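There are 2 protein chains.
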Amino acid sequence: MISRIEKMCALVKMKMTTQRRVIAEVISNAVDHPCAEEIYKRVNEIDKNISLATVYRTISIFESNHIIKKLEIGDGKSRYEANYSNTEHHHHLIDIDTGEIIEFIDEDIEKLKHDIAKKLGYVLIDHRLELYGKKINK
Amino acid sequence: MISRIEKMCALVKMKMTTQRRVIAEVISNAVDHPCAEEIYKRVNEIDKNISLATVYRTISIFESNHIIKKLEIGDGKSRYEANYSNTEHHHHLIDIDTGEIIEFIDEDIEKLKHDIAKKLGYVLIDHRLELYGKKINK
DNA sequence: ATAGATGCAAACATTTTGCGCCGAG
DNA sequence: CTCGGCGCAAAATGTTTGCATCTAT
Chain A
1456 MISRIEKMCA LVKMKMTTQR RVIAEVISNA VDHPCAEEIY KRVNEIDKNI SLATVYRTIS
1516 IFESNHIIKK LEIGDGKSRY EANYSNTEHH HHLIDIDTGE IIEFIDEDIE KLKHDIAKKL
1576 GYVLIDHRLE LYGKKINK
Chain B
1456 MISRIEKMCA LVKMKMTTQR RVIAEVISNA VDHPCAEEIY KRVNEIDKNI SLATVYRTIS
1516 IFESNHIIKK LEIGDGKSRY EANYSNTEHH HHLIDIDTGE IIEFIDEDIE KLKHDIAKKL
1576 GYVLIDHRLE LYGKKINK
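First to last, the protein sequences are chains A and B. Taking the numbering used here, I'd label the letters of the first sequence as residues 1456 to 1593. Taking the numbering used here, I'd label the letters of the second sequence as residues 1456 to 1593.
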């Protein structure tokens, strides 16, 4: 089974190695937002010979090809998620007690952001919205 | 002249040392978003004996007392700005060509964010919005 | 065949920490 | 006086890189 990210790599004409295929698979299957070290651990459960350096290099290439997105939630490390362009643009709510990340989509924000950038004389390329909250009744 | 941040330290009953006073002054006067190293350099122009470790420790205390805010614009280092609660909540537009940071305020987003958090079962504590854009006509 | 990808270990950059001394309250 | 803050240097953490080797195309 070819992972979704591997298909995106093909579109960008990336040379596909065993390592990249495994890393693509791991990130495609992730339901959370793993950091480089976590990706490395999951990759190593599939193939013990893949190095952390390769994970970093591959992540970096995926990111510059917009195949994955980096998020910085303030815990010191960069975290990543697949960037499926046909999926709606979503954002993150971070539970400040548990660190849990909840994804959400909001139409109104999608509309607003372009207007704001335009008003400032910019074309919007990307954006990031993160909410930090505490669970009600806990 | 007592800096604005120093006044906030007093409210939180922080022990005020020469070092903290100078660091408070530097961050209060910053019109940009300096990282720890940059704060350290500016601090040293006023007092050569203040160490980088103290800058980090002080920043950390300021941050946990909500006196300053950390921002991560994706350049690998944490950047900081004063968090004047009586100032309107603002956000950042980052020029992806120059790295320039433009601050802006948007009323509609202020309204939206609380509704979204509530809908997800959370009380909003903080949030962060960053737009990344290219200047029009350049 | 060959450009580019990999593994390893060393280098880097940023941030944190242990310890003995010092200074604010 | 005393507790916490300080400077220094060392360590920890996350990430990048030089080099010799290997591999997808």
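By construction, the Cβ of each residue, glycine as well, lies at the ideal position given by its N, Cα and C atoms. Source: prediction; values computed, not measured.
Bridge partners - residue i, DSSP secondary structure assignment
i	result
valine 1578(A)	Lys1589(B)
tyrosine 1535(A)	Lys1525(A)
arginine 1583(A)	Glu1585(B)
aspartate 1550(A)	Gly1588(A)
Segment limits, alpha helix (DSSP H) that includes residue i
i	result
isoleucine 1516(A)	1507-1519
isoleucine 1478(A)	1473-1484
glutamate 1558(A)	Run containing glutamate 1558(A): none in the alpha helix (DSSP H); it sits in the beta strand (DSSP E), 1556-1559.
valine 1498(B)	1491-1501
glutamate 1462(B)	Sequence inspection shows lysine at residue 1462(B); the glutamate mentioned does not correspond to that position. From DSSP, the alpha helix (DSSP H) with lysine 1462(B) extends over 1459-1466.
Contact under 8 Å by Cβ, residue i with residue j
i	j	result
glycine 1529(B)	lysine 1525(A)	yes
histidine 1547(A)	isoleucine 1560(A)	no
tyrosine 1535(B)	isoleucine 1516(B)	no
serine 1565(B)	histidine 1545(B)	Reading off the sequence, residue 1565(B) comes out as glutamate, not serine. Cβ distance not < 8 Å, so glutamate 1565(B) and histidine 1545(B) don't count as in contact.
isoleucine 1571(B)	leucine 1586(A)	yes
isoleucine 1551(B)	glycine 1576(B)	no
tyrosine 1539(A)	arginine 1459(A)	yes
Best match in the options for proximity to residue i [C-alpha to C-alpha]
i	options	result
isoleucine 1580(B)	Ile1580(A), Ile1549(A) and Arg1475(A)	Ile1549(A)
aspartate 1502(A)	Cys1490(A), Thr1473(A) and Ala1508(A)	Thr1473(A)
histidine 1582(A)	Thr1509(A), Glu1527(A) and Thr1553(A)	Glu1527(A)
valine 1477(A)	Leu1466(A), Thr1513(A) and Asp1487(A)	Thr1513(A)
histidine 1521(A)	Lys1574(A), Ile1457(A) and Leu1466(A)	Leu1466(A)
alanine 1491(B)	Ser1483(B), Ala1479(B), Leu1507(B) and Asn1484(B)	Leu1507(B)
methionine 1463(B)	Gly1554(B), Glu1518(B) and Glu1562(B)	Glu1518(B)
alanine 1479(A)	Glu1493(A), Lys1468(A) and Val1498(A)	Val1498(A)
glycine 1554(A)	Lys1496(A), Asp1563(A), Pro1489(A) and Glu1500(A)	Pro1489(A)
lysine 1574(A)	Lys1590(B), Lys1468(B), Ile1457(B) and Ile1482(B)	Lys1590(B)
threonine 1509(B)	Arg1475(B), Val1578(B), Lys1468(B) and His1569(B)	Arg1475(B)
alanine 1537(B)	Glu1493(B), Val1486(B) and Lys1468(B)	Val1486(B)
valine 1481(B)	Leu1584(B), His1569(B) and Lys1496(B)	Lys1496(B)
leucine 1584(A)	Asp1563(A), Ile1457(A) and Lys1468(A)	Asp1563(A)
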